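Engineer:
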Amino acid sequence: MFRSNNVAARIFERQISSPAPGTSVHCARRFYENIVPSHTIYDIECPDILFRKFSDDGNYLVTFSRNHQDLVVYRPTWLSFSCREDDCLNRDLPSKASKFESFFTQLYCVTLAASGELICKDFFLYSEKNQFGIFATSTAQIHDAPAVGGAIQGIPSIEKITFHLVRLEDGVILDERVFCNDYINLAHSMGVFLYDDLVAIVSLRYQRIHILQIRDSGNLVDVRSIGEYCREDDELFLNSSSQGMSIPDRNTAQNIGNGLESIHHMPETSFLSGLKQRLLSFILRGIWNEEHDPTSRMQCLKKKFYFHFQDYADLVIWKVQFLDRHHLLIKFGSVDGGVARNTDNHPAFFAVYNMETTEIISFYQNSAEDLYTLFELFCDHFHSSSKNSFYMNFLSTHSNNIYALEQLKCNKTKASSCQQFVKKMLATLPFNCQSQSPSPYFDHSLFRYDEKLISATDRHRQSTDHPIKFILRRQPNTLKFKIKPGPESGNSDTRTKKISSFLFHPILPLAISVQQTLFLQPAVVNIHFRR
Amino acid sequence: MLGSWPSLDPHNFSQFKPNDPSNPSKMTPVTYNPTHDRTLSPPDQVIVPEEKNILLRHFYQQAEEKLQMGAKRALSDNPTPERASKLPRASASDNV
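Just so you know, the protein sequences line up as chains A and B, in that order. Quick note on full-length UniProt numbering: the first sequence kicks off at 1 and runs consecutively. Quick note on full-length UniProt numbering: the second sequence kicks off at 1 and runs consecutively.
1) Could you check what DSSP says for Lys452 of chain A in three-state terms: helix, strand or coil?
2) Can you tell me which of the three DSSP states Gln15 of chain B falls into?
3) Strictly under 9 angstroms for the Cβ-Cβ distance: is Asn53 of chain B near chain A by that measure?
4) Is it buried or exposed, Glu406 of chain A, if we count other Cβ atoms within 10 angstroms and call 16 or more buried?
5) Could you round the C-beta distance between Phe135 of chain A and Val514 of chain A to whole angstroms and report it? I think they count as a contact, below 8 angstroms.
6) What does His327 of chain A reach in chain D if we use C-beta pairs closer than 7 angstroms?
7) Measure from the alpha carbon of Arg3 of chain A to the alpha carbon of each residue in A:Gln475, A:Arg167 and A:Ile468, then state which is nearest.
8) Kindly indicate which three-state DSSP category Arg89 of chain B falls into: helix, strand or coil?
9) With a CB to CB cut of under 6 angstroms and the five nearest residues on each side skipped, what residues in its chain are close to Leu301 of chain A?
10) In terms of residue numbering, what span does the beta strand (DSSP E) encompassing Ala404 of chain A cover?
11) Who are the Cβ neighbours of Glu50 of chain B in its own chain at under 8 angstroms, not counting the five residues just before and after it?
12) How would you call Lys276 of chain A, buried or exposed, if buried means at least 16 neighbouring beta carbons within 10 angstroms?
13) Whole angstroms is fine: what's the gap from Gln153 of chain A's alpha carbon to Ser240 of chain A's?
14) Would you say the region 183 to 197 of chain A touches the region 80 to 100 of chain A, given that touching needs at least three Cβ pairs under 8 angstroms?
15) Considering only residues of the same chain and omitting the five flanking positions on each side of Glu13 of chain A, which have a CB-CB separation below 8 angstroms?
16) Should Gly22 of chain A be labelled buried (16 or more other beta-carbon atoms within 10 Å of its own) or exposed?
17) Under 9 angstroms between C-beta atoms, does Ser362 of chain A make it to chain B?
18) Output the distance between the C-alpha atoms of His398 of chain A and Pro42 of chain B, rounded to the nearest integer angstrom.
19) By the criterion of Cβ-Cβ separation under 7 angstroms, what are the contact partners of His383 of chain A in chain B?
20) So is His466 of chain A in contact with chain B if we call contact Cβ pairs under 9 angstroms?
21) With Cys433 of chain A as the anchor, note down where its alpha helix (DSSP H) starts and where it stops.
22) How far does the alpha helix (DSSP H) with Glu290 of chain A in it extend, from its first residue to its last?
23) So that I know if they touch, is there some Cβ in chain B lying closer than 9 angstroms to that of Gly154 of chain A?
24) Flag Arg38 of chain B as yes if its beta-carbon sits less than 9 angstroms from any beta-carbon of chain A, otherwise no.
25) Whole angstroms are fine: how far does the CA of Val316 of chain A sit from the CA of Ser98 of chain A?
26) Provide the residue span of the beta strand (DSSP E) that contains Pro509 of chain A, from first to last.
27) Contact defined as beta carbons within less than 8 angstroms: I believe Ile527 of chain A pairs with Ile41 of chain A. What is the distance between those atoms, to the nearest angstrom?
28) Can you give me the Cβ contacts of Asn432 of chain A inside the same chain, cut-off strictly under 7 angstroms, excluding the 5 residues immediately before and after it?
29) Would you kindly work out how many angstroms separate the C-alpha atoms of Asn251 of chain A and Gln243 of chain A, rounded to a whole number?
30) Find the residues of chain A that neighbour Lys66 of chain B, judging by a C-beta separation of less than 9 angstroms, and give them in chain order.
31) Should Trp318 of chain A be labelled buried (16 or more other beta-carbon atoms within 10 Å of its own) or exposed?
32) Counting beta carbon pairs with one atom in the region 412 to 430 of chain A and one in the region 165 to 180 of chain A, are three or more of them shorter than 8 angstroms?
33) Determine the chain A residues that contact Tyr60 of chain B at a beta-carbon separation under 7 angstroms, and present them in chain order.
34) Sorted by chain position, which residues of the same chain lie with C-beta nearer than 6 angstroms to Ser385 of chain A's C-beta, five sequence neighbours on each side aside?
35) At the level of alpha carbons, what is the spacing between Val223 of chain A and Ile512 of chain A?
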């Protein structure tokens, strides 16, 4: 069956035949092969803002003011102008085309950060159902903070972190949640995961996972806090039993720990946290089940569990993601790796935890082949997207796209050792929330492009002077469009390192590329669109 | 509507009666009636989608397999403890 590349022929084809079952979105997406952002307006005059991203439904462009205090939201519109000449299509664009305001209309500018605070420019989570956005502001980081009040030694502290829930339609701040003297990894939303209406916030300093719910009314409601306690009534139970215990043992209780604030508060030194207990007992039971002869069982336990007991007990939660409404994928590691940028050399473990039954379902090391097999087969399910976000279900991964799978297999054969490759792949888990752009131009079935220069992942990349080519995946494999960041004539100064970031609109053939140097020079912003 | 169209044989469509809105069609949709009862579903069967997604099902399955492997190894390694545990049930084994 030969498919024409002509857009009129394709439209006619769409009128007369229905797509194969379950492929209606994929068939509709093929039109993006014909409608591409091929025209570039270089170095557009834009206000002094830091671009974050387009919201996943394409309704808003989220930016921050340069002083990291305000949120500025734009509505993407389209360039419109009138032309009285005969040959309008071949004319140059009018001068207003090189203005940012022709493409985007400012909706509002809202101050989020109080004095002394800064907005985290890499943090933005979007709830498509209600068009709510979550932003984070924080005060400065304090390194070498003393470990008081249940905090872990070695994790820095931030005096105040505030999460703001903003209705993007009009900029009204609906609710806030403040964390004091805590540390939450805000860069690229690493420490927070949004699934449907549930938000998981990982407090690295106190080793807790706070689960919040976003109500339709715009309130943030606490659901549970996992870490020290697993079930909602654990704290009540422990406190009531400690009250009964502490009266005859008052003297010994006061002598035990310096973290003891009152008789009713359980001393931290006596119990491991609830989650840690679940984890250790899971590991123990797993090793217990392997051997049945009592002597060899004890040998096995000594070698595999008790020898490493302190290492297991010292594990800290690094990162968390939802697998569905009840299950979390938790990454554990050593304390030093929690805040390190490069965690390749640190040992890491993954656990699947059911929040309802408070059970650990499985536990893997970061070099586990069986976890890698699941990652290779079901990568889509790790990018857990809720039913509400439609376009996020069509991200191109190696589990749903044969070209991406070929690329992965190619990388696997080129890798020096299988175990290193597995570790490298599993290091990407748990995924950062909403870090992939849903734009169809990143669909591997439609276009071939250099993943090192540009990809659906929302990260700054090293900028090159050459334009980034998007080539049709199907016959006739022609070059469809190019994205060139930076000024049209190229950079005069080739020595300074430049980084680019790309914002693709999820639906329209519209993209913004921002090229910055590491010094405080103004960024060069280009707009790529279909003329 | 179909009755008045030209056709090769005038007797075609002669028995056709156009839809009369006052007399609703008594046609029942085609249903499958099983010819045997080997594969009859229970009368109170309700089909619902699986709650857990496939990834979670695999996690649970792997955990189950590890448990079962351990249990199988227990059966193959140590037959004697099983017999020892059957001793208190001497009255039941007498009947066998």
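Just so it is clear, CB atoms sit at the ideal spot from N, CA and C, and this is done for glycine as well. Quantities reported herein were computed from a predicted structural model and do not represent experimental measurements.
Structural biologist: Let me lay it out:
1) coil
2) coil
3) yes
4) exposed
5) 19 angstroms between Cβ atoms; not a contact.
6) Among the chains of the structure shown, chain D does not appear; the protein chains present are A and B.
7) A:Gln475
8) The predicted position of Arg89 of chain B is uncertain, since its pLDDT is 47 and thus under 50; a value taken from the coordinates is nonetheless stated next. If DSSP states are grouped into helix, strand and coil, Arg89 of chain B belongs with the helices.
9) Ile287
10) Premise fails: Ala404 of chain A lies in the alpha helix (DSSP H), Ile402 to Lys414, not in any beta strand (DSSP E).
11) The beta carbon of Glu50 of chain B sits closer than 8 angstroms to those of Arg57, all from its chain and outside the five residues before and after it, given in chain order.
12) buried
13) Rounded to whole angstroms, Gln153 of chain A to Ser240 of chain A spans 29 angstroms at the Cα level.
14) no
15) Correct list, in chain order: Arg3 and Ser4.
16) exposed
17) yes
18) 41 angstroms
19) Under the 7 angstroms cutoff, chain B gives no residues; its nearest Cβ is about 11 angstroms from His383 of chain A.
20) no
21) Taken as a continuous stretch (DSSP letters only), Cys433 of chain A belongs to no alpha helix (DSSP H), as it is neither H nor E.
22) Gly274 to Glu290 is the span of the alpha helix (DSSP H), which, as asked, contains Glu290 of chain A.
23) no
24) No, no contact with chain A.
25) 51 angstroms
26) Neither: Pro509 of chain A is in no beta strand (DSSP E) and is coded neither H nor E.
27) 5 angstroms
28) If we look at Asn432 of chain A and ignore the five residues flanking it on each side, its Cβ neighbours are His188, Ser189 and Met190.
29) Confidence in Asn251 of chain A is poor, its pLDDT being 45 and thus under 50, which makes the residue's placement unreliable; the coordinate value appears in the next sentence. Those two C-alpha atoms are separated by around 14 angstroms.
30) Gly286, Asn289, Glu290 and Ser362
31) buried
32) no
33) Chain A residues near Tyr60 of chain B: Ile361.
34) Met392 and Asn393
35) 38 angstroms
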